[in-house]
């Protein structure tokens, strides 16, 4: 059932191309804005870059998280799914995974642009960088899918989602920025292990909360 | 048999359903009538657990539907007031997807047959975003032909249907009646409902006002509760 639901989200995106195009366009526009607004030295740019980078991805993720649930509302397909013999926890995981996939695909396009336009050196340890990015994406998607499910029936949900999401993911983002900065600085893992552990904890906690409470939050 | 016992629902401080109880026997066609805002659609949505209820119990063949696993909803099929499809997908893709949600794997020929049966062109591959209200309603009926159900809950099924569509719906209902299947129909059109249903229940201000038994079309009214 999980595969059916994730495939459904991907097929809808393949047909409509609404989520990825808006994510990439918006992300590229902010990246260009950063590139042409700041003219610092390469050293100071490397200090700012992780923070700027995660700000872009947080804004971009809101587009995907909001759209994935608002599309369910358009012809009230969400009621159809809720009334079908589908466990709501599985529905949450499907939204969580499809949000994660959209974020990863958008990052695959935006990250090279970010490094190129901000003239950043590639980190020596790419595997660590990829691991941190994937985990933070899981964290954003877990918290965002849960909140998106909660606010989807509210009239001003497009405003409410970022208002609730940004404070909630602040610990995750601080850890992401610290970890990314350490990787770009070639620091040994031991020095930023705590931030990495914080990211892992955030992912576990929000994945479990979403899995357990989505049944209640999805009903009107 | 569907049994709804003392169901209550409030949206904020506004009570929508107050101690609603009703039963639908196997093979029975029950009509639910009432003015706008009387709680008809909410009751249907509570039965299929789209909306939570504040009190009471709902069971299907003795098994509770509330707080039960998703499998308990398998015998029930809800066709709501809104179409319940994905606009970017085609009619066939929507039907195929919904069948998969019910654990079915219908062949393209089955899907095409069901689409043809409700008067939709199976060769039409465009997104259903371009469909009219009537076409979406026909597609919803194709869903009822694709999914095996024991109780069908239909909310305003005549909305958007033209004369031909209404006649097709009437034929389908008669076929289901002959197959001894249970239906819960909600409509504003009391005349249309009474021509199809075995029994009618009227909701007003969230309470059941009267239950009518319409055996051989000679209506016998039984006062259940006064407002």
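Residue numbers (the numbering used here), protein chains in the order written: chain R, 1 to 220; chain F, 221 to 447.
Beta carbons are placed, not taken as given, at the ideal position from N, Cα and C, and that holds for glycine.
- prompt: Taking only beta-carbon atoms, is residue 291 (chain F) less than 7 Å away from chain R?
  reply: yes
task: Determine the direct distance from the alpha carbon of residue 296 (chain F) to that of residue 308 (chain F), and round the result to whole angstroms.
output: 26 Å
message: Using a 10 Å radius around the Cβ and a threshold of 16 neighbouring Cβ atoms, would you call residue 234 (chain F) buried or exposed?
response: exposed
message: For the beta strand (DSSP E) containing residue 406 (chain F), name the first residue and the last one.
response: 402 to 406
message: Between residue 440 (chain F) and chain R, is any beta-carbon pair separated by less than 7 Å?
response: Low confidence applies here, because residue 440 (chain F) scores a pLDDT of 38, under 50, leaving its location unreliable; read the following figure in that light. By this cut-off, residue 440 (chain F) is not an interface position.
query: Between the beta-carbon of residue 373 (chain F) and the beta-carbon of residue 322 (chain F), is there less than 7 Å?
result: no
message: Contact criterion: CB-CB distance below 7 Å. Does residue 93 (chain R) meet it with respect to chain F?
response: no
query: Using the rule of at least 16 other Cβ atoms within 10 Å of the residue's Cβ for burial, across every protein chain shown, is residue 99 (chain R) buried or exposed?
result: buried
- request: Measure from the alpha carbon of residue 2 (chain R) to the alpha carbon of each residue in R:82, R:91 and R:54, then state which is nearest.
  value: R:91
query: Which residue spans inside the region 297 to 379 of chain F form an unbroken alpha helix (DSSP H) run of at least 4?
result: 311 to 321, 328 to 337 and 353 to 366
- prompt: When burial is assigned at 16 or more other CB atoms within 10 Å of the CB, is residue 149 (chain R) buried or exposed?
  reply: buried
query: Within the chosen definition, does the region 374 to 389 of chain F reach the region 338 to 354 of chain F through at least 3 CB pairs nearer than 8 Å?
result: yes
query: Hey, is residue 83 (chain R)'s beta-carbon within less than 7 Å of any beta-carbon in chain F?
result: yes
- prompt: Which stretch, first to last residue, makes up the alpha helix (DSSP H) that contains residue 290 (chain R)?
  reply: For chain R, the structure presents residues 1 to 220; residue 290 (chain R) sits outside this window and is missing.
- request: Closer than 6 Å by C-beta to residue 319 (chain F): which residues in its own chain qualify, once you throw out the five before and the five after it? Chain order, please.
  value: 326 and 366
message: Which residue wins for smallest C-alpha separation from residue 48 (chain R), given the options R:63, R:217, R:31 and R:71?
response: R:31
message: Using beta carbons (cut-off 7 Å, strictly below), is residue 240 (chain F) in contact with chain R?
response: no
- prompt: How would you call residue 405 (chain F), buried or exposed, if buried means at least 16 neighbouring beta carbons within 10 angstroms?
  reply: buried
message: Can you check whether the C-beta of residue 102 (chain R) is within less than 7 Å of a C-beta belonging to chain F?
response: no
field: Within-7 Å CB hit, residue 272 (chain F) to chain R
entry: yes
- request: Kindly identify the DSSP beta-bridge partner or partners of residue 280 (chain F).
  value: F:222 and F:283
task: Could you tell me whether any Cβ in chain F is nearer than 7 Å to the Cβ of residue 15 (chain R)?
output: yes
Amino acids of chain F, ordered along the chain, whose beta-carbon sits closer than 7 Å to that of residue 77 (chain R): 304, 305 and 306
task: Give the straight-line distance between the Cα atoms of residue 229 (chain R) and residue 69 (chain R), rounded to the nearest whole angstrom.
output: Only positions 1 to 220 of chain R appear in this structure, which leaves residue 229 (chain R) out of reach.
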